[in-house]
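In this note's numbering, each residue carries its 1-based index in the sequence shown increased by 34. For each residue, glycine too, the CB sits at the ideal point set by N, CA and C. Just so you know, these numbers come straight off a predicted model, no measurement behind them.
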Amino acid sequence: MTKPLPKADFSSFTFSTNILAAIKKFGYEHPTDIQLEAIPTILDGKDVLARAETGSGKTAAFVLPLLENLSTQNIYRQSKSYNHFNGTDRAGNNCVQVLVLVPTRELAIQVCDVFKQMSENIQPELKCLSVYGGVKINPQMMALRSGTDILVTTPGRLLDLASQNAIKFNQIKALVIDEVDRLMKGDFQDEINRIIKLLPNKRQNLMFTATFPDNIRLLVRKEMNNPEVINMDEFLEEVPIEQRVITVNHNKKNDLLAHLLSENNWKQVLIFCSAKRTCDNLVIKLEKRGIKALAMHGNKEQSARSAVLKDFKSGKSRILIATDVASRGIDIEQLACVINYDLPRSPNDYVHRIGRTGRAGQTGQAISLIAHHEYHHFTVIEKRNSLRLEREQLEGFQPDEVAPPMPRSKPKKKASPKNKQNKLKKNTNKVQSVDNSEPDTQEESIVNAHIWGKRK
Ligand code: AMP
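#1: So within the region 383-437, which uninterrupted beta strand (DSSP E) runs reach at least 3 residues, ignoring any that extend past its ends?
#2: When DSSP labels each residue in this structure, what does S164 get in the three-state scheme?
#3: Looking only at C-alpha atoms, which of S351, V165, Q107, R139 sits nearest to A491?
#4: Select from E424, H406, E63 the residue whose C-alpha is nearest the C-alpha of E435.
#5: Of the choices N172, D147, G220, H284, whose alpha-carbon is the least far from that of F431?
#6: I need the boundaries of the alpha helix (DSSP H) containing C146, first residue and last residue.
#7: Assign S105 to buried or exposed, taking buried as 16 or more other Cβ atoms, counted over all protein chains shown, within 10 Å of its Cβ.
#8: Can you name the start and end residues of the alpha helix (DSSP H) that E102 belongs to?
#9: Since V132 contacts L100 with CB under 8 Å, what's their CB separation in whole angstroms?
#10: Let's see if you can read the secondary structure: which residues bound the beta strand (DSSP E) around L304?
#11: Just confirm the distance between the C-beta atoms of L328 and S308, as a whole number of angstroms; I'd bet it's less than 8 Å.
#12: Who are the near neighbours of A200 in its chain, counting only those whose CB is closer than 6 Å to its CB and skipping five residues on each side?
#13: Quick check on R255: does DSSP put it in helix, strand or coil?
#14: Taking the alpha-carbon positions, what's the H331 to I143 distance?
#15: By the 10 Å Cβ neighbour count, where 16 or more other Cβ atoms means buried, how is D183 classified, buried or exposed?
#16: Can you pull the DSSP bridge partners for C129?
#17: For K403 and E71, what's the separation of their Cα atoms in angstroms?
#18: For R356 and D314, I'd like the C-alpha separation in whole angstroms.
#19: In the DSSP assignment, find the alpha helix (DSSP H) that holds T75 and state where it starts and stops.
#20: Look up L320 in the DSSP assignment and say whether it is helix, strand or coil.
#21: Determine which residues share a DSSP beta bridge with A356 and list them.
#22: Report the three-state DSSP secondary structure of L209 (helix, strand or coil).
#23: Should K92 be counted as a contact of ligand 1 given a C-beta to heavy atom distance under 7 Å?
#24: Please list the terminal residues of the continuous alpha helix (DSSP H) segment that includes V342.
#25: Nearer than 7 Å: is that true of the beta carbon of P234 relative to any heavy atom of ligand 1?
#26: At the level of alpha carbons, what is the spacing between E426 and N374?
#27: L253: which of V282, K236, T281, M218 sits nearest, CA to CA?
#28: Tell me the rounded alpha-carbon separation between F412 and P378.
#29: Please go through the same chain and pick out, in chain order, the residues whose beta-carbon is closer than 6 Å to the beta-carbon of A55, but skip the five residues on each side of it.
#30: Once you ignore the five residues that flank N127 on each side, which residues in its own chain have a CB closer than 7 Å to its CB?
#31: Going by beta-carbon coordinates alone, are K150 and C162 separated by less than 8 Å?
#32: Can you say whether I338 is buried or exposed, counting buried as having 16 or more other CB atoms within 10 angstroms of its CB?
#33: Going by the CB atoms, is the gap between A244 and V385 shorter than 8 Å?
#34: Excluding sequence positions up to five away, which residues of its chain have a Cβ less than 6 Å from the Cβ of S153?
#35: List the residues that DSSP assigns as beta-bridge partners of I501.
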């Protein structure tokens with residue numbers, strides 16, 4: 035089943051022929067809903083605040099009009115707001131024209147690729163660069179020296195580069211913040227506020243978010259200039275994802291997973307675990323059952339993460355086991371199935387995880403395997419996302435009425451009488467977890483703490 039796309043055509047926008055040619059080469063026939071709404075507004079140089087998930091076509095919704103504006107410069111020449119830019123067409127040394135902030139390295143690379151591919155016919159060339167942490171900073175400083183028209187970056191690395199005077203912000207014309215809801219949490223929030231202070235006041239602001247928490251409303255009020263608000267809710271509801279919940283004993287999850295992977299003819303499957311160690315263990319356990327899988331998480335080197343993702347995206351590998359580093363932004367075409375081996379800690383992440391499937395109008399399946407200790411948490415996820423899903427049991431994997439004992443990962447130290455009381459207090463709030471290894475992101479632990487009441 036394919037989601038019906040609007041009938042409008044890309045030629046109805048005022049795109050130059052070189053951009054229309056790139057769109058054709060990409061195989062896009064009709065603009066998606068968000069593209070229909072956002073493109074004309076961005077072409078006009080106005081601010082846009084869009085509620086949009088990955089999978090809606092949001093990347094092209096900002097890439098295409100920004101490339102058009104940069105290549106012709108018409109919008110900037112007409113507007114007094116951009117007088118400070120001196121009318122030159124390409125970024126000067128160490129300067130940037132369009133700054134795109136994203137939460138992860140993978141997304142930075144992916145968005146930069148779309149800019150590069152869509153701008154391949156534009157002359158003189160528009161330079162696009164992605165920079166992110168976890169790799170050496172010197173090559174990035176060198177690459178920035180001659181200026182870059184579009185810079186796609188994670189916030190921390192941008193601040194590092196700025197502190198080393200590797201980047202100048204005086205030629206910024208547009209700021210894009212992708213996945214604002216994720217970037218306005220934890221340490222990211224402070225970084226975003228610090229970055230915004232470095233930018234010229236007069237600029238176009240484009241923000242994309244899946245949710246509108248209060249701090250985003252505040253950011254919008256403070257930083258945006260009467261934005262066009264594009265609400266995608268009604269379109270998101272149409273995304274055809276079949277959600278299944280299978281109850282199982284925690285010690286039977288591996289068997290059930292292996293059974294599902296063997297019985298179903300899924301072309302590719304993305305499996306989410308809550309901890310890095312679980313990902314690695316699961317790869318080994320599946321391998322023992324003759325099922326080959328790759329793992330991706332924050333402990334892996336960037337080069338290893340990129341290689342694993344490349345293999346998965348190209349279809350070379352069938353099964354990817356990942357922590358929530360892969361739950362947002364990553365675009366894997368025609369992903370048939372997402373499996374929650376462990377539940378995400380945050381109800382929001384459930385939506386992001388399952389959003390990896392059912393993309394660009396394709397149908398998809400999202401299966402959550404829940405053991406006794408996760409029953410309650412799944413009802414919280416359902417409640418927060420206004421869902422009510424039927425619990426399934428599979429023949430041969432039915433859960434016992436009473437949970438089997440959980441494995442102990444570490445021998446317990448004898449607690450001092452003083453600590454004993456504190457520990458008791460903590461444990462009443464703590465969700466019992468089979469694997470106690472650390473979560474993949476700081477954000478994850480904050481959300482976890484928040485949900486389970488450890489933080490005020
Ligand atoms: P995004 O929401 O930007 O992550 O895009 C999700 C997927 O939709 C990507 O694979 C895009 O290449 C694809 N896409 C974006 N725009 C269109 C379009 N107009 N027609 C068909 N596919 C599209």
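Taking the structure as given:
#1: Runs found: 398-404.
#2: Locating residue 164 in the sequence shown gives position 130, counting from the first residue. DSSP places S164 in strand when its eight states are reduced to three.
#3: The chain is shown only over 35 to 490; residue 491 falls outside these bounds and no answer can be derived.
#4: Working through the sequence shown from its first residue, we reach residue 435 at position 401. Nearest C-alpha to E435: H406.
#5: For the purposes of this step, residue 431 is identified with residue 397 of the sequence shown, where counting begins at 1. It is H284.
#6: As a position in the sequence shown, residue 146 is number 112, starting the count at 1. Boundaries of the alpha helix (DSSP H) harbouring C146: 139-152, taken from the DSSP string.
#7: Walking along the sequence shown from the start, residue 105 turns up at place 71. Using a 10 angstroms sphere on the CB of S105, the tally of other CB atoms reaches 16 or more, which defines it as buried.
#8: Here the question's residue 102 lines up with position 68 in the sequence shown. E102 -> alpha helix (DSSP H) spans 92-106.
#9: Along the sequence shown, one-based indexing puts residue 132 at 98. Along the sequence shown, one-based indexing puts residue 100 at 66. The distance from the Cβ of V132 to that of L100 is about 5 Å, consistent with a contact at the 8 Å cut-off.
#10: Here residue 304 refers to the residue found at position 270 of the sequence shown. Run containing L304: 303-306, per the beta strand (DSSP E) assignment.
#11: Against the sequence shown, residue 328 aligns to sequence position 294. Against the sequence shown, residue 308 aligns to sequence position 274. Between the beta-carbon of L328 and that of S308 there is about 18 Å, and that puts the pair past the 8 Å contact cut.
#12: Numbered from its first residue, the sequence shown carries residue 200 at position 166. Excluding positions up to five away in sequence, the list reads M175, L178.
#13: Walking along the sequence shown from the start, residue 255 turns up at place 221. DSSP, reduced to helix, strand and coil, places R255 within a helical segment of the structure shown.
#14: As a first step, residue 331 is located in the sequence shown; it is residue number 297 there, counting from the start. As a first step, residue 143 is located in the sequence shown; it is residue number 109 there, counting from the start. Those two C-alpha atoms are separated by around 17 Å.
#15: Taking the first residue of the sequence shown as position 1, residue 183 is located at position 149. Buried, since its Cβ has 16 or more Cβ neighbours within 10 Å.
#16: Your numbering for residue 129 matches position 95 in the sequence shown. K202.
#17: What you label residue 403 is simply residue 369 of the sequence shown in a count that begins at 1. What you label residue 71 is simply residue 37 of the sequence shown in a count that begins at 1. The amino acid occupying residue 403 in the given sequence is Leu; Lys does not appear at that position. Whole-angstrom Cα-Cα distance: 38 Å.
#18: Locating residue 356 in the sequence shown gives position 322, where the first residue counts as 1. Locating residue 314 in the sequence shown gives position 280, where the first residue counts as 1. For the record, residue 356 in the displayed sequence is Ala; it is not Arg. Cα-Cα distance, rounded: 9 Å.
#19: One-based indexing of the sequence shown puts residue 75 at position 41. Where T75 is concerned, the enclosing alpha helix (DSSP H) stretches over 67-77.
#20: Position 286 of the sequence shown holds residue 320. Looking at L320 - three-state DSSP - the assignment turns out to be helix.
#21: Indexing the sequence shown from 1 puts residue 356 at position 322. Looking at the DSSP assignment, A356 forms a beta bridge with F306, M330.
#22: Taking the first residue of the sequence shown as 1, we reach residue 209 at position 175. Correct three-state label for L209: strand.
#23: As a working note, residue 92 is residue 58 in the sequence shown. Because some heavy atom of ligand 1 lies under 7 Å away, the Cβ of K92 counts as near it: yes.
#24: Position 308 of the sequence shown, counted from the start, is the residue given in the question as residue 342. Residue range 336-347 is occupied by the alpha helix (DSSP H) that includes V342.
#25: Residue numbering aside, residue 234 sits at position 200 when the sequence shown is read from its first letter. Look at P234: its beta carbon is at least 7 Å from all of the heavy atoms in ligand 1.
#26: As a working mapping, residue 426 is identified with position 392 in the sequence shown. As a working mapping, residue 374 is identified with position 340 in the sequence shown. CA-to-CA, the gap between E426 and N374 works out to about 14 Å.
#27: Taking the first residue of the sequence shown as position 1, residue 253 is located at position 219. Out of V282, K236, T281, M218, M218 has the C-alpha closest to the C-alpha of L253.
#28: As a first step, residue 412 must be located in the sequence shown, where it is residue number 378. As a first step, residue 378 must be located in the sequence shown, where it is residue number 344. Distance between the alpha carbons of F412 and P378 is about 9 Å.
#29: As a working note, residue 55 is residue 21 in the sequence shown. Closer than 6 Å at Cβ, skipping near neighbours: N155.
#30: The sequence position of residue 127 within the sequence shown is 93, counting from 1. Cβ neighbours of N127 beyond the five flanking positions: R179, S180, G181.
#31: If you number the sequence shown from 1, residue 150 lands on position 116. If you number the sequence shown from 1, residue 162 lands on position 128. By the CB criterion at 8 Å, K150 and C162 fall inside the cutoff.
#32: As a working mapping, residue 338 is identified with position 304 in the sequence shown. One point to set straight first is that residue 338 is Ala, not Ile, in the sequence displayed. Around the CB of A338, fewer than 16 other CB atoms lie within 10 Å, so the residue is classed as exposed.
#33: Mapped onto the sequence shown, residue 385 falls at position 351. Mapped onto the sequence shown, residue 244 falls at position 210. Judged by beta-carbon spacing, A244 lies within the 8 Å limit of V385, meaning their Cβ atoms are closer than that value.
#34: One-based indexing of the sequence shown puts residue 153 at position 119. If we look at S153 and ignore the five residues flanking it on each side, its Cβ neighbours are L101, L160.
#35: Residue numbering for the chain in the displayed model covers 35 to 490; residue 501 lies beyond these limits and cannot be assessed.
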